[in-house]
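Peer 1: I have a structure here, written as structure tokens, and I will follow up with some questions on it.
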DNA sequence: GTCTATAGATAGATAGAC
DNA sequence: GTCTATCTATCTATAGAC
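Residue numbers (my numbering), protein chains in the order written: chain H, 894 to 1093; chain L, 894 to 1093.
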């Protein structure tokens, strides 16, 4: 069992190192040598464990995003009042963003450059939430617009301060503390904003 | 003058080709050979005109984004009622996005990987608009929140359907026509949404 | 200004010893 | 499983003929 434990440990080190480098540099910008250095192992071991750069990236990407999307699917299924459900989704989204601010841009970039990976994502959660929105609109509880307008509004309102962070901090000469405060207050702000938008 | 005309023409061909390839593949993913092919010229000519890949990218990036941001600066200076000004900014933003849907993700990516370029962007427009928001909030005409919350809301609401296009079309199995309609209706939707959000 | 040819560096991937 | 050494391909960039 000793060998297997060591193996798992190495695989984990590679996984963490590769995640970090891919997030920072993107797929095209990432270098296998850099990942190996970060993991404290040799370049050849990367290929021993994952065969190719593409496979390594694909596995990490799918695992990371499916974990997030499956959380959404669970939330959408819970038995709650509509706005409570929306709030829970926003809370979950903001929590994820605060821990992984690079996820939105990585998702967008990957789908653009590796469209084949899109099929491996489990998007039940998004479909369920869209269904909820459509049914609420039919009942007249919220404004009657295409549910995509609302869905993209929730997501856009949540992620924008994270996407804009580097550029906004620079333009307005803000320090990290100030910006962190903006991010911390974003959840409550978005909840209010969505209520205002959806009022029929 | 014949030589100069031919030179300008070649430079322009390179510019267009490079813009296309950088937008599609990103800086790290772009290849000088691909740009040369796209421009219908030889690879060596790229270096003759622009010295290096980095310089070529930097020049295109700065020109493209400063053109857009200077439009914003002009709008912010116009003598208009507040919501008329907001509407004009949204219209201008949506028009730009409909023609250049890749601009937001390219901006975000570039700032992340080439932070030195941030200093070459002229961000007067954004600063002016933030000033307008702050002064309106002080006057009590709109809700009293940090102006960054509003600024990122406007931008987030505008760009999200463009960022999400490939992934949303796939998840919900939408055709281009349907999605285009969503994009066309986005401007009016965002204007309403911002009014609802800002109401004190 | 424009081309061909190639230098020089570095990428991903593999062979083979241990 | 892990390493060193190396292959092969490909990248940016330049030299030099025209």
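We put the beta carbon where it would ideally sit given N, CA and C, even for glycine.
Taking Cβ-Cβ distances below 9 Å as the criterion, which residues of the region 992-1012 of chain L are in contact with chain H?
Peer 2: Answer in chain order: 995, 997, 998, 1000, 1001, 1002, 1004, 1005, 1006, 1008, 1011 and 1012.
Peer 1: What are the start and end residues of each continuous alpha helix (DSSP H) run of 4 or more residues lying completely inside the region 922-955 of chain H, in chain order?
Peer 2: For the region 922-955 of chain H, whole alpha helix (DSSP H) runs of length 4 or above, ordered along the chain, are 925-932 and 936-943.
Peer 1: Out of L:911, L:1009 and L:1022, which one is the CA nearest neighbour of residue 932 of chain L?
Peer 2: Taking the first residue of the second chain as position 1, residue 932 of chain L is located at position 39. Residue L:911 is the option with its Cα nearest to residue 932 of chain L.
Peer 1: How many angstroms separate the CA atom of residue 980 of chain H from the CA atom of residue 1084 of chain H?
Peer 2: Taking the first chain and counting its residues from 1, one reaches residue 980 of chain H at position 87. Taking the first chain and counting its residues from 1, one reaches residue 1084 of chain H at position 191. In a straight line, the C-alpha of residue 980 of chain H is about 6 Å away from that of residue 1084 of chain H.
Peer 1: Using a cut-off of 7 Å between C-beta atoms, extract the partners of residue 1045 of chain H located in chain L.
Peer 2: Here residue 1045 of chain H corresponds to residue number 152 of the first chain, with the count starting at 1. Residues of chain L passing the Cβ test: 1053, 1054 and 1057.
Peer 1: Please compile the residues from chain L whose C-beta is within a distance smaller than 8 Å of the C-beta of residue 1073 of chain H.
Peer 2: Your numbering for residue 1073 of chain H matches position 180 in the first chain. Here the premise fails: no neighbours, minimum Cβ distance about 12 Å.
Peer 1: Relative to the alpha-carbon of residue 972 of chain L, which residue among L:937, L:1016 and L:1022 has its alpha-carbon at the smallest distance?
Peer 2: Along the second chain, one-based indexing puts residue 972 of chain L at 79. Cα-wise, what sits closest to residue 972 of chain L is L:1022.
Peer 1: Please tell me whether residue 887 of chain H and residue 1093 of chain H are closer than 9 Å, where the distance is taken between their beta carbons.
Peer 2: What is shown of chain H runs 894 to 1093, which leaves residue 887 of chain H out entirely.
Peer 1: So, at 7 Å on beta carbons, what are the nonlocal neighbours of residue 998 of chain H in its own chain, with the 5 sequence-adjacent residues on each side left out?
Peer 2: Here residue 998 of chain H refers to the residue found at position 105 when the first chain is read from its first residue. Answer for residue 998 of chain H: 1056, listed in chain order.
Peer 1: Just reading off the alpha helix (DSSP H) that residue 1058 of chain H is part of, what are its end residues?
Peer 2: In the first chain, residue 1058 of chain H corresponds to position 165, counting from 1. It spans 1040-1064 - the alpha helix (DSSP H) in which residue 1058 of chain H sits, taken as one unbroken run.
Peer 1: Is residue 922 of chain L near residue 1018 of chain H, with beta carbons less than 9 Å apart?
Peer 2: Position 29 of the second chain, counting from 1, holds the residue named residue 922 of chain L. Position 125 of the first chain, counting from 1, holds the residue named residue 1018 of chain H. Contact: no.
Peer 1: Using a Cβ-Cβ cut-off of 9 Å, state whether residue 1050 of chain L counts as contacting chain H.
Peer 2: The residue given as residue 1050 of chain L occupies position 157 in the second chain. Yes, residue 1050 of chain L counts as interfacial toward chain H.
Peer 1: Once you ignore the five residues that flank residue 982 of chain L on each side, which residues in its own chain have a CB closer than 6 Å to its CB?
Peer 2: Locating residue 982 of chain L in the second chain gives position 89, counting from the first residue. Same-chain partners within the cutoff: 968.
Peer 1: Does DSSP put residue 1084 of chain H in a helix, in a strand, or in coil?
Peer 2: Position 191 of the first chain, counted from the first residue, corresponds to residue 1084 of chain H. It is helical.
Peer 1: On a Cα-Cα basis, can you pick out the residue from L:926, L:939, L:924 and L:927 that is closest to residue 905 of chain L?
Peer 2: Indexing the second chain from 1 puts residue 905 of chain L at position 12. Of the listed residues, the one whose Cα sits closest to residue 905 of chain L is L:939.
Peer 1: Roughly how many angstroms separate the alpha carbons of residue 1045 of chain L and residue 1025 of chain H, rounded to a whole number?
Peer 2: Counting from one through the second chain, the residue named residue 1045 of chain L turns up at place 152. Counting from one through the first chain, the residue named residue 1025 of chain H turns up at place 132. The alpha-carbon atoms of residue 1045 of chain L and residue 1025 of chain H are separated by roughly 26 Å.
Peer 1: Applying a beta-carbon distance threshold of less than 7 Å, which residues of chain L neighbour residue 966 of chain H?
Peer 2: In the first chain, residue 966 of chain H corresponds to position 73, counting from 1. Those within 7 Å of residue 966 of chain H in chain L number zero; the least Cβ separation is about 12 Å.
Peer 1: Can the beta-carbon of residue 1052 of chain H be found less than 9 Å from the beta-carbon of residue 996 of chain L?
Peer 2: Sequence index remark: in the first chain, residue 1052 of chain H carries index 159 (1-based). Sequence index remark: in the second chain, residue 996 of chain L carries index 103 (1-based). Not a contact, by the Cβ cut-off of 9 Å.
Peer 1: Alpha carbon to alpha carbon, how far is residue 877 of chain H from residue 903 of chain H?
Peer 2: Outside the shown range of chain H, which is 894 to 1093, sits residue 877 of chain H, and nothing can be said about it.
Peer 1: Comparing alpha-carbon positions, which option in H:1012, H:915, H:1063 and H:1007 lies nearest residue 959 of chain H?
Peer 2: Reading the first chain from its first residue, position 66 is the one you call residue 959 of chain H. If we check each option's Cα against that of residue 959 of chain H, H:1012 comes out closest.
Peer 1: Quick one: residues in its chain with C-beta nearer than 7 Å to the C-beta of residue 992 of chain H, no 5 flanking neighbours on either side, listed in chain order?
Peer 2: Your numbering for residue 992 of chain H matches position 99 in the first chain. Answer for residue 992 of chain H: no residue qualifies.
Peer 1: Can the beta-carbon of residue 1004 of chain L be found less than 9 Å from the beta-carbon of residue 1059 of chain H?
Peer 2: Counting from 1 along the second chain, the entry for residue 1004 of chain L is found at position 111. Counting from 1 along the first chain, the entry for residue 1059 of chain H is found at position 166. Yes; because the gap between Cβ atoms is below 9 Å, this pair is in contact.
Peer 1: Could you give the DSSP three-state label for residue 990 of chain H: helix, strand or coil?
Peer 2: As a first step, residue 990 of chain H must be located in the first chain, where it is residue number 97. Residue 990 of chain H falls in the helix class under three-state DSSP.
Peer 1: Verify the CB distance criterion: does residue 940 of chain H have a CB-CB separation below 9 Å to chain L?
Peer 2: Along the first chain, read from residue 1 onward, the residue named residue 940 of chain H stands at position 47. False, the Cβ-Cβ gap to chain L never drops below 9 Å.
Peer 1: Using a Cβ-Cβ cutoff of less than 6 Å, which residues in the same chain neighbour residue 1029 of chain L once the five nearest sequence positions on both sides are dropped?
Peer 2: For the purposes of this step, residue 1029 of chain L is taken as residue 136 along the second chain, with counting starting at 1. Same-chain partners within the cutoff: 975 and 1035.
Peer 1: Is it right to say residue 915 of chain L is buried, meaning 16 or more other beta carbons lie within 10 angstroms of its own, or is it exposed?
Peer 2: Against the second chain, residue 915 of chain L aligns to sequence position 22. By the neighbour-count rule (16 or more Cβ atoms within 10 Å), residue 915 of chain L is buried.
Peer 1: Could you compute how far the alpha carbon of residue 925 of chain H sits from the alpha carbon of residue 963 of chain H?
Peer 2: By 1-based counting over the first chain, the position of residue 925 of chain H is 32. By 1-based counting over the first chain, the position of residue 963 of chain H is 70. Each residue's alpha carbon lies about 30 Å from the other.
Peer 1: For the candidate residues H:946, H:934 and H:956, whose alpha-carbon lies nearest to that of residue 1000 of chain H?
Peer 2: Reading the first chain from its first residue, position 107 is the one you call residue 1000 of chain H. When each option's Cα is compared against that of residue 1000 of chain H, the closest is H:956.
Peer 1: Quick one: give me the first and last residue of the alpha helix (DSSP H) that residue 1037 of chain L is part of.
Peer 2: Indexing the second chain from 1 puts residue 1037 of chain L at position 144. Looking at the DSSP string, residue 1037 of chain L is not in any alpha helix (DSSP H), and its letter there is neither H nor E.
Peer 1: Measure the C-alpha to C-alpha separation of residue 1032 of chain L and residue 1041 of chain L and round it to an integer number of angstroms.
Peer 2: Along the second chain, one-based indexing puts residue 1032 of chain L at 139. Along the second chain, one-based indexing puts residue 1041 of chain L at 148. Spanning the two alpha carbons is a distance of roughly 17 Å.
Peer 1: Using 9 Å as the limit for Cβ to Cβ distance, is residue 1060 of chain H near chain L?
Peer 2: As a first step, residue 1060 of chain H is located in the first chain; it is residue number 167 there, counting from the start. Yes, residue 1060 of chain H lies at the interface with chain L (some Cβ there is under 9 Å from its Cβ).
Peer 1: Whose C-alpha, out of H:907, H:1088, H:994 and H:1020, is nearest the C-alpha of residue 1076 of chain H?
Peer 2: Start at 1 with the first residue of the first chain, and residue 1076 of chain H comes out as number 183. Out of H:907, H:1088, H:994 and H:1020, H:994 has the C-alpha closest to the C-alpha of residue 1076 of chain H.
Peer 1: Quick one: residues in its chain with C-beta nearer than 6 Å to the C-beta of residue 990 of chain L, no 5 flanking neighbours on either side, listed in chain order?
Peer 2: Taking the first residue of the second chain as 1, we reach residue 990 of chain L at position 97. Only 1055 meet the Cβ criterion.
Peer 1: In three-state DSSP terms, what is residue 972 of chain H?
Peer 2: Reading the first chain from its first residue, position 79 is the one you call residue 972 of chain H. Here residue 972 of chain H sits in coil by DSSP.
Peer 1: How about residue 922 of chain L: is its C-beta nearer than 9 Å to some C-beta of chain H?
Peer 2: Stepping through the second chain from its first residue, residue 922 of chain L is reached at position 29. At least one chain H Cβ lies under 9 Å of residue 922 of chain L.
Peer 1: Output needed in chain order: residues of the region 1027-1039 of chain H with a Cβ under 9 Å from some Cβ in chain L.
Peer 2: If the cut-off is 9 Å between Cβ atoms, the region 1027-1039 of chain H has 1036, 1038 and 1039 near chain L.
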